[in-house]
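Asks:
Residue numbers (full-length UniProt numbering): 1 to 201.
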């Protein structure tokens, strides 16, 4: 009958081997994830050198003696480390380059907006209005830069003057909007007032 002490030692030895296997497995998983990370990072940076493979021909490795094999593996590890360092350095440089390009583009955009700001503001605040009449009907063609709420403002002008709107069409083209309103016949004075209000909306 085995002694309790030897049984305990056996269990401890088994537990120790299991723990070592877990550590080895975790380390292998960590290295695989790191390899995947560097491969992905390298693929995202243009013009980087082709990926250096750490795998050697099995037959070639087996033909080497232990000393040569150890020396070769050490050199490969150093090369891989240098390659990974360069990948990180190149990625950092690439990101910095992108940031500089973004900053330059934003500066150009701000300069354009500053130079064209007053003209743009003027064009947004003014509308082009054409009025014509035919028989018992008046036609209004209002053109303006596209911006939220403008169509509602146009229709509100007709509402304020109590004009009877028969039909309305809206056309958009290249950042501008044209609203065509067909209304019932009205006095010349009313036509002028509506046109004046439409111009300044």
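Glycine included, every Cβ here is placed at the ideal spot set by N, Cα and C.
1) How is residue 194 classed by DSSP in three states: helix, strand or coil?
2) Given 8 Å as the limit, is there contact between the segment 145-164 and the segment 178-187, that is, 3 or more CB pairs closer than that?
3) Excluding five sequence neighbours on each side, which residues of the same chain lie with their C-beta closer than 6 Å to the C-beta of residue 136?
4) Taking contact to mean at least 3 C-beta pairs separated by less than 8 Å, is the segment 85-97 in contact with the segment 143-159?
5) With residue 130 as the anchor, note down where its beta strand (DSSP E) starts and where it stops.
6) What separation, rounded to the nearest whole angstrom, lies between the Cα atoms of residue 171 and residue 144?
7) Can you give me the C-alpha to C-alpha distance between residue 91 and residue 106, rounded to a whole angstrom?
8) If we ignore side chains and look at the alpha-carbon of each, how far apart do residue 24 and residue 44 end up?
9) Taking the straight line between their C-alpha atoms, what separation do you get for residue 31 and residue 38?
10) Which residue wins for smallest C-alpha separation from residue 177, given the options 142, 16, 34, 188?
11) State the DSSP-derived secondary structure class of residue 146, mapped to helix, strand or coil.
Replies: In terms of the structure at hand:
1) Position 194 of the chain shown, counted from the first residue, corresponds to residue 194. Looking at residue 194 - three-state DSSP - the assignment turns out to be helix.
2) yes
3) Here residue 136 refers to the residue found at position 136 when the chain shown is read from its first residue. Cβ neighbours of residue 136 beyond the five flanking positions: 185.
4) no
5) Position 130 of the chain shown, counted from the first residue, corresponds to residue 130. Run containing residue 130: 128-134, per the beta strand (DSSP E) assignment.
6) As a working mapping, residue 171 is identified with position 171 in the chain shown. As a working mapping, residue 144 is identified with position 144 in the chain shown. Residue 171 and residue 144: Cα-Cα distance of roughly 11 Å.
7) Here the question's residue 91 lines up with position 91 in the chain shown. Here the question's residue 106 lines up with position 106 in the chain shown. Cα-Cα distance, rounded: 23 Å.
8) As a first step, residue 24 is located in the chain shown; it is residue number 24 there, counting from the start. As a first step, residue 44 is located in the chain shown; it is residue number 44 there, counting from the start. The straight-line gap from Cα to Cα measures roughly 31 Å.
9) As a first step, residue 31 must be located in the chain shown, where it is residue number 31. As a first step, residue 38 must be located in the chain shown, where it is residue number 38. When rounded, the distance between both Cα atoms is 11 Å.
10) The count along the chain shown starts at 1 and reaches residue 177 at position 177. Closest by alpha carbon: 142.
11) Position 146 of the chain shown, counted from the start, is the residue given in the question as residue 146. In the structure shown, residue 146 sits in coil (DSSP, three-state: anything other than H, G, I, E or B).
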